[in-house]
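What follows is a single structure, written as structure tokens, with notes after it.
Number of protein chains: 2
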Amino acid sequence: MTESRQQVEKMKTALRQAGLRATAQRLALLQVIAENEDHPEVEELHRRAERIDPKISIATVYRTVSVLERAGMIQRHSFEGARARYERVDKRHHDHIVDLESGEILEFQSNRIEQLQSEIASQMGYDVIHHRLELYCRKR
Amino acid sequence: MTESRQQVEKMKTALRQAGLRATAQRLALLQVIAENEDHPEVEELHRRAERIDPKISIATVYRTVSVLERAGMIQRHSFEGARARYERVDKRHHDHIVDLESGEILEFQSNRIEQLQSEIASQMGYDVIHHRLELYCRKR
DNA sequence: AACAATATTGATAATCATTCGCAAATACAG
DNA sequence: CTGTATTTGCGAATGATTATCAATATTGTT
Chain A
139 MTESRQQVEK MKTALRQAGL RATAQRLALL QVIAENEDHP EVEELHRRAE RIDPKISIAT
199 VYRTVSVLER AGMIQRHSFE GARARYERVD KRHHDHIVDL ESGEILEFQS NRIEQLQSEI
259 ASQMGYDVIH HRLELYCRKR
Chain B
139 MTESRQQVEK MKTALRQAGL RATAQRLALL QVIAENEDHP EVEELHRRAE RIDPKISIAT
199 VYRTVSVLER AGMIQRHSFE GARARYERVD KRHHDHIVDL ESGEILEFQS NRIEQLQSEI
259 ASQMGYDVIH HRLELYCRKR
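From first to last, the protein sequence lines are chains A and B.
Just add 138 to the spot in the first sequence (first one is 1) and you have this note's numbering.
Just add 138 to the spot in the second sequence (first one is 1) and you have this note's numbering.
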């Protein structure tokens, strides 16, 4: 964690560039999300952020998560019948497989599908701004 | 509407086959949804059903819609940041394009994409039970 | 057609996730 | 260090949906 200092500086800069103040709460959440390999929901983000800033409130987590999303610094997903989940934005684009039994979420990527999506939209006179593709699956 | 009588009989049979009683409210909603070419939400379904059965309550619409979905008689969709929408189940499978400007919902179908989806899932050890594919678009 | 057994309804309260309002605390430009 | 605009924490409010429960309607059986 020798680089954690520099990480925090980067985050501060990023926040300010987005016109946001670099508060302890925002930094705590950015740190938590940067460390994530999974797709936690707000409650879980709150729990994890509390380990860095014990006085952070759930309202602030909600607010921050939405501010950071608007700033393009994190990504929100809301799977069927579940609460919103969040993940880092610095990975390559991917879609999700939801394991219906365990609730586990896997990632996959298909250029072919992306390609077909824009072709279809294009034929109908549209540009794809973003999309949502989720496969609800059961182990074979 | 000479065939409406027979339509209603069919619906009654379908309900009973699903182990459900054929109530006026359920028939009203099935009728409303059968006539739909669009993707109305609960509030709108209620309004339309009231024209057939004026005493139907919103609670019953919520309940019925969920019962009918569980029975596979209608389909629910919940697009980003919007309330659930419903449509008939007797059309060929399709996915949706959401016009970000107007909120309008178009339908499209791609066997190639479906194909790729099962291939990908299969490679990861899964069977696709159902999926959700939505293109959020802007007119070109 | 009338009856009992059971499912469904309507009205309303409750729930759940999320957002809002506002006074107190904090960040940051000067 | 100071003033001002942001942000926070708390709790109340919201909006969509679900649950509760007494009253009513449906269905299988006489």
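Every residue, glycine too, gets a C-beta built ideally from N, C-alpha and C.
Taking Cβ positions, are A172/B and R226/B nearer each other than 8 Å?
Yes, the Cβ-Cβ distance between A172/B and R226/B is below 8 Å.
Quick one: what does DSSP say V146/B is sitting in, helix, strand or coil?
V146/B: helix per DSSP, three-state reduction.
Using beta carbons (cut-off 8 Å, strictly below), is R164/B in contact with chain A?
No - not a single Cβ of chain A is within 8 Å of the one on R164/B.
Inter-stretch contact at 8 Å, needing at least 3 Cβ pairs: the segment 186 to 197 of chain A / the segment 235 to 254 of chain A
Segments in contact, no.
Check each candidate in H177/A, E272/A and A156/A and name the one with the smallest Cα separation from D233/B.
Ranking H177/A, E272/A and A156/A by Cα distance to D233/B puts E272/A first.
With a threshold of 7 Å on Cβ separation, who are the neighbours of R154/A within its own chain once the five nearest residues in sequence on each side are excluded?
A160.
Contact check, A156/B vs M211/B under 8 Å by CB: the rounded distance?
Right, their Cβ atoms sit about 7 Å apart.
8 Å Cβ cutoff, S260/A in contact with chain B
Chain B contact via Cβ: present.
Less than 8 Å between the CB atoms is what I'm expecting for R230/B and D265/A, so what's the real figure, rounded?
With a Cβ gap of about 26 Å, R230/B and D265/A do not count as contacting.
Determine the closest residue to A222/A out of D237/A, H177/A and S240/A, with distance taken between C-alpha atoms.
Among D237/A, H177/A and S240/A, the Cα nearest to that of A222/A belongs to H177/A.
Taking L168/A as the reference, which of E257/A, D237/A, S256/A and V203/A has the closest Cα?
Closest option to L168/A, judged by alpha-carbon separation, among E257/A, D237/A, S256/A and V203/A: V203/A.
Based on DSSP bridge pairs, tell me the residues matched to D237/B.
Bridge partners of D237/B: C275/B.
Distance CB(H269/A)-CB(Q253/A) smaller than 8 Å:
Q253/A is positioned such that its CB atom lies no closer than 8 Å to that of H269/A.
Quick one: does H232/A have its CB under 8 Å from some CB of chain B?
Answer no: the Cβ-Cβ gap between H232/A and chain B never drops below 8 Å.
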